[in-house]
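Notes follow the structure.
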Amino acid sequence: MSRTKSPGMTASSVQPDTRKNQKRQAVLRRLGLLAVVCALSFLTAHLVMLDAQRLPFEDMRLKTDLGGMVIAALFPVLVLVGFAGRRHWWGLILGLVACGSAILAGILPF
Amino acid sequence: MRETLRVHMGWLHSWVGFLAGLLLACIFASGTLAVFDTEITQWMQPEVPLTQGTSLTPAALQAAAQAVQAEEEKGLSAFLTLPSQRDPVLRVLHYDGYEFVGTALDSTTGAVFPARETAGGQFFYNFHFSLRGGNQPGVQIVTFLGLCLLVAIGSGLVIHIKALWPDLILFRPFGARPRAWVDAHLIMGVLFLPFIAFMGYTGTAIHARALLPAESFFPSHTATPHKKEKTAPKGRVLQAGPLPPPLAPLIAQARDVLRSPDGNLILFTPDEVRIFKSDAFGPFLTRDHVAFSRKDGHSLRSVTQSPPAVATMQLVRGLHYARYAPLPLRWLYFLSGLAATTLAASGLVVFLMKRRRSSGEQFFFRIAEALTMTTVVGFPTAILGIFWVNRCLPAVFSGRAMMEINLFFLVWGLCAAHALLVSLTRHAASGWRQQLGVLAGAGCGLPLLDLVSRSHAWAQGASVFMTADALAFLTGLIALCALLKLREPAA
């Protein structure tokens, strides 16, 4: 990623600008994707914590503890998968499926 | 550049790692010190002798019970920790909103040791999980950083999965500077990966409820408002109870039931006296206890069995808190914590080295360098500062615990201001050298200060004092080596 100047660059000053723009666009795309993935993962984690309240235990603290154990494992995986799976947006789709499952688990009686 | 998975994950690892790493390094360092929190408190209270046994007399217990009641009359919820092999002192403690503080009693006579007020090792424990910012936002920030750590570990694994074995054995400390730092980062990351991942996971899981409470972010209009019971804030009592019955027979009975011969914790409510099993007996951080009536001392109930789900959480907590760990295992936790700190610190340095040329040392790069300097050198300097303050402030100074903590943050703040100043004026290299010089002086000078202060007899608990002084000296030596290395022209 070094920006070493080559002697031939004076011939056209458009090329470095284009490269700079491309780089900026790539960073913006990554940031956007990361923000969406994080928001989705946080929503899923929040829903998982709410779902944990339906566990058949009397102790409220135990329910949140178990919810916390699931969240601590699930959140990083969702972020990594969502960020890594760019081809056909399969990472985001997987995140949406996880979020949808958490919503369904909260709605459906069990 | 082709957007491969490795490049994509490298970007995530670099930025999440750097931004979170600035505070994670401090959290790792304070957690490492918290492994020896009791010993640090002992170093900071040299007036408390460490040569007593774990035996207790009824007179000492009676004095402790009276002290508890006196604290309750002040509105404080006090409790007792009984002497153990690790801390052979009877302590009457209460929660001050951040730490457990209180007095130490002679376990034979019940006399109060005239020990200096100190933040002690409890400060590092509190800083580790809350940055001393309370439940909100302190614990929330640390939990969020824990999630960032897990993301950084995952992305780091994706980047290096093909080279895990070479990374494990390859270390070139005398190679070119960037290579040596990358090697240090990789070797720590790979060798201590299980420990760091486990601690990151358990720490985040334990406090996840602080970040994501079990209440809906989207309140329903049909839900009835929750009726709150009138309860005292944490560490406070609404009313003082009667003087507890003689504690010696209750302790004997409880120890029989709990099979916990020393180091028990005794909590008091207006109606009950609860004697808990010591945390030192096994990796499960149980809350097994026997409850007695506070009026006449008759046994009310005993809790000694936990269902599997509860036991799982107890194990998670127990392994993270390491209160069960005997001394050799405690040292292993300490060394692993040091490795995690080194991992985070070297990651910050590698991040800067990679971008120094390409960024042209613009404004944001200089801010990043100042923040890194504040974390890597400023934080250990502030830690040593708290040890210096402990010995330099008069022992009878009132409110000195709070003053120690304020001075810790003052030293850290001064380091940050200095780092910003030198970085923004493009003198970062000399800034690193100056701060390393201060750190070297503070570390190497601490044993001398401890010796000159004559605050304790070296025969009593010498191992605690000598070890703490030796570690401080070692920190100073490492800083001195780094300083000398920085003076050499880069390879």
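These protein sequence lines are chains P and L, in that order. In terms of my numbering, the first sequence opens at residue 126 and continues consecutively. In terms of my numbering, the second sequence opens at residue 539 and continues consecutively. For every residue, glycine included, the Cβ atom is placed at its ideal position computed from N, Cα and C.
Bridge pairing for L643/L: L628/L and V650/L [DSSP]. In this structure the segment 970-979 of chain L does not touch the segment 551-562 of chain L; the number of beta carbon pairs closer than 8 Å is below three. G207/P does not reach chain L, its nearest Cβ partner there being about 11 Å away, counting only Cβ pairs nearer than 9 Å. Among the residues of chain L, none has a CB under 7 Å from the CB of L221/P; the nearest is roughly 18 Å distant.
S622/L and T576/L have their C-alpha atoms spaced approximately 11 Å apart.
Put simply, the CB of S668/L is far from chain P, with every gap to its CB atoms at 9 Å or more.
In terms of CA proximity to E810/L, L785/L leads the group L688/L, L785/L and R793/L. Between the C-alpha atoms of R624/L and L909/L there is a straight-line separation of about 38 Å. With fewer than three CB-CB distances shorter than 8 Å, the segment 718-731 of chain L does not count as touching the segment 143-162 of chain P.
With a beta-carbon spacing of about 6 Å, I196/P and L750/L fall inside the 8 Å limit used to define contacts. With 16 or more other Cβ atoms from the protein chains shown falling within 10 Å of its own Cβ, N664/L counts as buried. Chain L places no beta carbon closer than 9 Å to that of Q150/P, leaving this residue out of the contacts.
Think of a sphere of 8 Å around the beta carbon of K188/P: the chain L residues whose beta carbon falls inside it are A752, in chain order. Among the residues facing chain P, T740/L is included, as its CB has a counterpart in that chain under 9 Å away. DSSP places I699/L outside any alpha helix (DSSP H), giving it a letter other than H or E. In the three-state reduction of the DSSP assignment, H551/L falls in the helix class. Using a 10 angstroms sphere on the CB of G635/L, the tally of other CB atoms stays under 16, which defines it as exposed. Chain-ordered, the chain P residues with CB closer than 8 Å to the CB of L688/L read A197, F200 and P201. L543/L reaches chain P at A209, counting residues in chain order whose Cβ is nearer than 8 Å. Between the segment 682-689 of chain L and the segment 956-973 of chain L there are fewer than three inter-stretch CB-CB distances shorter than 8 Å, so the stretches are not counted as touching.
Nearest C-alpha to A883/L among R629/L, E907/L and F946/L: E907/L.
C-alpha of G210/P to C-alpha of I697/L: approximately 15 Å in a straight line. Pairing W581/L with V1002/L gives a Cβ-Cβ distance under 9 Å. The three-state reading of DSSP puts R793/L in helix, counting H, G and I together.
Excluding its 5 nearest sequence neighbours in each direction, L687/L has C-beta neighbours in its own chain below 7 Å: A558, L562 and G738, listed in chain order. Less than 9 Å separates the beta-carbon of S936/L from that of E655/L. In the structure shown, R211/P falls within a coil segment according to DSSP collapsed to helix, strand and coil. Only R895 and S896 from the segment 894-916 of chain L bring a Cβ to less than 8 Å from some Cβ of chain P.
Assignment of beta-bridge partners to F830/L by DSSP yields V811/L and S837/L.
The contact set of A743/L on chain P, defined by CB atoms closer than 7 Å, consists of G193, M194 and A197 in chain order. The Cβ of D184/P sits closer than 9 Å to at least one Cβ of chain L. For A967/L, no beta strand (DSSP E) run applies; the uninterrupted alpha helix (DSSP H) run containing it begins and ends at A966 to S991, by DSSP.
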